[in-house]
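From first to last, the protein sequence lines stand for chains A and B. For the first sequence, our numbering begins at 43 and goes up steadily by one. For the second sequence, our numbering begins at 43 and goes up steadily by one. Structure first, commentary second.
2 protein chains.
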Amino acid sequence: MAGYIRSVLECVPNFSEGRREAVISRLVSAASGPGVRVLDVSSDPDHNRTVLTLAGEEEALIGGLLGLYEAALASIDLRTHQGVHPRLGAVDVTPFVPLGATPMATAVHAAKMLGVEVARRFELPVFLYEDAAVRGERRSLAAIRRGGFEGLAGKLADVAWAPDFGPSRPHPSGGATVIGARFFLIACNAILDTADVEVARAVARAVRESAGGLPAVRALGFYLASRGQAQVSMNLVDFRRTSLALALDRVREEAAAHGARVVASEIVGLLPRQAALDVVRETLLLPALDPSRLLEERLRATSAQV
Amino acid sequence: MAGYIRSVLECVPNFSEGRREAVISRLVSAASGPGVRVLDVSSDPDHNRTVLTLAGEEEALIGGLLGLYEAALASIDLRTHQGVHPRLGAVDVTPFVPLGATPMATAVHAAKMLGVEVARRFELPVFLYEDAAVRGERRSLAAIRRGGFEGLAGKLADVAWAPDFGPSRPHPSGGATVIGARFFLIACNAILDTADVEVARAVARAVRESAGGLPAVRALGFYLASRGQAQVSMNLVDFRRTSLALALDRVREEAAAHGARVVASEIVGLLPRQAALDVVRETLLLPALDPSRLLEERLRATSAQV
Numbered sequence: 043m044a045g046y047i048r049s050v051l052e053c054v055p056n057f058s059e060g061r062r063e064a065v066i067s068r069l070v071s072a073a074s075g076p077g078v079r080v081l082d083v084s085s086d087p088d089h090n091r092t093v094l095t096l097a098g099e100e101e102a103l104i105g106g107l108l109g110l111y112e113a114a115l116a117s118i119d120l121r122t123h124q125g126v127h128p129r130l131g132a133v134d135v136t137p138f139v140p141l142g143a144t145p146m147a148t149a150v151h152a153a154k155m156l157g158v159e160v161a162r163r164f165e166l167p168v169f170l171y172e173d174a175a176v177r178g179e180r181r182s183l184a185a186i187r188r189g190g191f192e193g194l195a196g197k198l199a200d201v202a203w204a205p206d207f208g209p210s211r212p213h214p215s216g217g218a219t220v221i222g223a224r225f226f227l228i229a230c231n232a233i234l235d236t237a238d239v240e241v242a243r244a245v246a247r248a249v250r251e252s253a254g255g256l257p258a259v260r261a262l263g264f265y266l267a268s269r270g271q272a273q274v275s276m277n278l279v280d281f282r283r284t285s286l287a288l289a290l291d292r293v294r295e296e297a298a299a300h301g302a303r304v305v306a307s308e309i310v311g312l313l314p315r316q317a318a319l320d321v322v323r324e325t326l327l328l329p330a331l332d333p334s335r336l337l338e339e340r341l342r343a344t345s346a347q348v
Numbered sequence: 043m044a045g046y047i048r049s050v051l052e053c054v055p056n057f058s059e060g061r062r063e064a065v066i067s068r069l070v071s072a073a074s075g076p077g078v079r080v081l082d083v084s085s086d087p088d089h090n091r092t093v094l095t096l097a098g099e100e101e102a103l104i105g106g107l108l109g110l111y112e113a114a115l116a117s118i119d120l121r122t123h124q125g126v127h128p129r130l131g132a133v134d135v136t137p138f139v140p141l142g143a144t145p146m147a148t149a150v151h152a153a154k155m156l157g158v159e160v161a162r163r164f165e166l167p168v169f170l171y172e173d174a175a176v177r178g179e180r181r182s183l184a185a186i187r188r189g190g191f192e193g194l195a196g197k198l199a200d201v202a203w204a205p206d207f208g209p210s211r212p213h214p215s216g217g218a219t220v221i222g223a224r225f226f227l228i229a230c231n232a233i234l235d236t237a238d239v240e241v242a243r244a245v246a247r248a249v250r251e252s253a254g255g256l257p258a259v260r261a262l263g264f265y266l267a268s269r270g271q272a273q274v275s276m277n278l279v280d281f282r283r284t285s286l287a288l289a290l291d292r293v294r295e296e297a298a299a300h301g302a303r304v305v306a307s308e309i310v311g312l313l314p315r316q317a318a319l320d321v322v323r324e325t326l327l328l329p330a331l332d333p334s335r336l337l338e339e340r341l342r343a344t345s346a347q348v
């Protein structure tokens, strides 16, 4: 399939700037380069954060990412950064995701190579997470990020939180960075018809796995000043275990239990096609639905026949 | 885009055999040929009907379709045919659908060319419908088909129902055929948890446009002997006016009002990708969702960049 060769990776760096357009476009340019495809740029002013979706092979991606780290460290100062989303660094988190037949080991390799180089060039503490984690308790991004930039110096002073690469002190303006390898993650935000962030937090607690909610779901509640509304921000870390349709349904139910309603949702970044088809299948009660049932896919698949 | 050139048509012949596998595969082979892509074959034993989805340019498609009509007339006898779906002929209805940038006029032209040739070669009465209709009252397939094969001789004897091409008497075993040009049609069946066909009929009446229901929705209620269940069989003739999600929702509501539940649904034939994305958009309350938000599409679209 087009773009699916054994060494292609997706990479989804999240950097801590979602407001200054000139900075965002400078950072996107810095990440671009030969062999790097920019698939998507999603910025959020309330989160003050941008999710960049790149694709390419390891070497090209690492080249682009080093450019991104350099530009981000020159443009973003966490000491003055404001935003509702938890963050530890200027380039906060950089996951590699294997595409198609690419094995997870390729993503893990890329994460470690990038980590070594980022630590060396920029004297930045690097934590490895999820499938790239060297220590079990570091699989969890939430655990690594707990305390945020503001608590980072204290955390790094604890030997249990010595970074995987780089110094045991924060970069003064850039904090630290978390680099890893994982399966597709779907970031989905539900906007509520209330400004009460406590409702969003209660809903998030009810749906997230760590509090006994839905498998493979992480969730936080935020207040969006730009809209005057509260938001339930979810990460579905395995849409095969909990689908988008189910997660949203539970958010709706929990919101209703608090007298609130979901008025809109948004997908941050790109959606794997099968995750979209799963929503269709579940909503319509179809026994199955795979891409081969789509007219356009069938036309493509059969175009060699003519 | 792959397969989308200005003269490509989809063609969806429905023939009156959904049980005898050997006959079905003979008919599919007969329709195949140089330049004809067989995109899908969906057979239903209760309807005793097969929906074949083909794609190609006019000349190639007409070549394949003439093969299909010939084989169908040799294998199917409407005098002994049983099935719950309304039908008028061995090849009951053959719509052409413009794909991509192909204009509707190309589909209308193909319908008329096929109609002339089918009438001449097989002495089969041909009615033109929808965008290919020459007379306003023949736009409606349901109006043309009313009375079925059993009422066909009487209908053709009425000058108001003289066929557009061919003789004013039924083909003895093959009846008549309806050929036309139209927009994409989505055939979606909802299976109820009741064997009571009257419930399915009441639901169908409530949702179909002709009885004041949903725009661009046709619906009938059937009993499926093979499953012992009643079915609401819908055609969405313009999913931009009434989406799959809305239609199914209404079927659920109406069924509930009759104490029944939708236990499954099925899509007959192929689904246009945008119709699938519309279900996702509506279910998740996304402001918009187009194919460019899918990871695989973005990978394809950017593959030239590398």
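Note that the Cβ used here is the ideal one computed from N, Cα and C, for glycine as well.
- Message: For I118 of chain B and S215 of chain B, what's the separation of their Cα atoms in angstroms?
- Response: Taking the straight line joining both Cα atoms gives about 7 Å.
- Query: Within the 8 Å Cβ cut-off, does S85 of chain B reach chain A?
  - Reply: Residue-level contact by beta carbon fails for S85 of chain B and chain A, as no gap is shorter than 8 Å.
- Check whether the Cβ atoms of A272 of chain B and T236 of chain B sit closer than 8 Å, and answer yes or no. Contact: yes.
- Item | Below-8 Å beta-carbon distance, T148 of chain A vs any chain B residue | At least 8 Å separates the CB of T148 of chain A from every CB of chain B.
- Work out the CA separation of A204 of chain A and V30 of chain A for me, nearest whole Å. Lying outside 43 to 348, the shown extent of chain A, residue 30 of chain A is not represented and no answer is given.
- Starting from T284 of chain A, find everything on chain B with Cβ-Cβ shorter than 7 Å and list it in chain order. Identification of chain B residues near T284 of chain A by a Cβ-Cβ cut-off of 7 Å yields none; the smallest Cβ-Cβ distance measures about 14 Å.
- Is the Cβ-Cβ distance between V322 of chain A and V274 of chain B less than 8 Å? Cβ atoms of V322 of chain A and V274 of chain B: not closer than 8 Å.
- Message: So, for Q124 of chain A: in the same chain, excluding its five sequence neighbours on each side, which residues have a beta-carbon less than 7 Å away from its beta-carbon?
- Response: Correct list, in chain order: N90.
- Would you grab the beta carbon distance between A72 of chain B and G109 of chain B for me? Rounded to a whole angstrom, and I think it's under 8 Å. With 8 Å as the limit, A72 of chain B and G109 of chain B qualify as a contact, their Cβ atoms being about 4 Å apart.
- Message: Nearest by alpha-carbon distance to P55 of chain B: which of B:G75, B:V139, B:E63 is it?
- Response: When each option's Cα is compared against that of P55 of chain B, the closest is B:V139.
- Pull up the DSSP beta-bridge partners for V310 of chain B, would you. B:A229, per the DSSP bridge assignment.
- How is H213 of chain A classed by DSSP in three states: helix, strand or coil? H213 of chain A sits in a strand when the DSSP states are folded into three classes.
- Query: With C-beta atoms as the reference, is V279 of chain B less than 8 Å away from F225 of chain B?
  - Reply: With a cutoff of 8 Å on beta-carbon distance, V279 of chain B and F225 of chain B are scored as near each other.
- Query: Can you round the beta-carbon distance between L256 of chain B and R303 of chain B to whole angstroms, since I take them to be within the 8 Å contact cut?
  - Reply: Rounded, the Cβ-Cβ distance is 20 Å, inconsistent with contact.
- In this structure, does DSSP put V165 of chain B in helix, strand or coil? A small fix is needed here, since residue 165 of chain B is Glu in this sequence, not Val. If DSSP states are grouped into helix, strand and coil, E165 of chain B belongs with coil.
- Query: Do we get a CB-CB distance below 8 Å when we pair R79 of chain A with the residues of chain B?
  - Reply: Cβ-Cβ to chain B under 8 Å: yes for R79 of chain A.
- According to DSSP, which residues form a beta bridge with Q273 of chain B? Q273 of chain B is bridged to B:I233, B:F264.
- Tell me, please, whether the CB atom of G45 of chain A is closer than 8 Å to any CB atom in chain B? With a pLDDT of 43 at G45 of chain A, under the threshold of 50, the modelled position of that residue is not reliable, and the figure given next carries that caveat. The beta carbon of G45 of chain A sits closer than 8 Å to some beta carbon of chain B.
- Do we get a CB-CB distance below 8 Å when we pair D82 of chain A with the residues of chain B? True, the Cβ-Cβ gap to chain B drops below 8 Å.
- Query: Closest by CA to L313 of chain A, which one among A:N277, A:E295, A:A343?
  - Reply: That would be A:N277, whose Cα lies nearest to the Cα of L313 of chain A.
- Message: If I follow the unbroken beta strand (DSSP E) through E99 of chain B, where does it start and stop?
- Response: Run containing E99 of chain B: 91-99, per the beta strand (DSSP E) assignment.
- For chain A, is any of its Cβ atoms less than 8 Å away from the one on E295 of chain B? Using a Cβ-Cβ cut-off of 8 Å, E295 of chain B does not count as an interface residue toward chain A, since no Cβ of chain A sits closer than that to its own.
- Message: Going by DSSP, what residue range makes up the alpha helix (DSSP H) through I186 of chain A?
- Response: Following the DSSP letters along the chain, one finds I186 of chain A inside the alpha helix (DSSP H) bounded by residues 183-187.
- Item | According to DSSP, residues forming a beta bridge with P137 of chain A | A:G222, per the DSSP bridge assignment.
- Query: Can you name the residues of chain B whose CB is closer than 7 Å to the CB of S71 of chain A?
  - Reply: Going along chain B, no residue has its Cβ under 7 Å from S71 of chain A, so there is no contact; the nearest lies around 14 Å.
- Message: Within 10 Å of its beta-carbon, does D332 of chain B have 16 or more other beta-carbons around it, so buried, or fewer, so exposed?
- Response: With fewer than 16 Cβ atoms within 10 Å of its Cβ, D332 of chain B is classed as exposed.
- Task: Find out if the Cβ-Cβ distance for the pair V239 of chain A, R292 of chain A is shorter than 8 Å.
- Result: Cβ atoms of V239 of chain A and R292 of chain A: not closer than 8 Å.
- Can a CB atom of chain A be found closer than 8 Å to the CB of L103 of chain B? It does not; no Cβ of chain A falls within 8 Å.
- Looking at chain A, which residues of the stretch 291-320 of chain B have a Cβ within less than 8 Å of any of its Cβ atoms? Within the stretch 291-320 of chain B, the qualifying residues are V304, V305, A306, S307, E308, I309, L312, L313, P314, R315, A318, L319.
- Report yes or no: is there a C-beta of chain A within less than 8 Å of the C-beta of A287 of chain B? So, interface residue.
- Task: Within the same chain, show all residues whose beta-carbon is closer than 6 Å to that of L52 of chain B, passing over the 5 residues directly before and after it, in chain order.
- Result: Correcting the residue type first, residue 52 of chain B is Glu in the shown sequence and not Leu. Result list for E52 of chain B: A97, V139, L141, in chain order.
- Query: When you check each C-beta in the stretch 324-338 of chain A against every C-beta of chain B, which residues fall closer than 7 Å?
  - Reply: Residues of the stretch 324-338 of chain A whose Cβ lies closer than 7 Å to any Cβ of chain B, in chain order: T325, L326, L327, L328, P329, R335, L336, L337, E338.
- Message: Give me the DSSP bridge partner(s) of S84 of chain B.
- Response: In the DSSP output, where bridge partners are listed per residue, S84 of chain B has B:V93.
- Please decide whether A116 of chain B counts as near chain A, where near means a Cβ-Cβ distance under 8 Å. So, not an interface residue.
- Message: Using CA atoms only, rank isn't needed, just tell me which of A:S67, A:G77, A:M155, A:P76 is closest to V83 of chain A.
- Response: Among A:S67, A:G77, A:M155, A:P76, the Cα nearest to that of V83 of chain A belongs to A:S67.
- Which listed residue (B:A242, B:R79, B:A174, B:F164) has its alpha carbon closest to that of A212 of chain B: Here the sequence assigns Pro to residue 212 of chain B, which means Ala is not the residue at that position. Considering only alpha carbons, the answer is B:F164.
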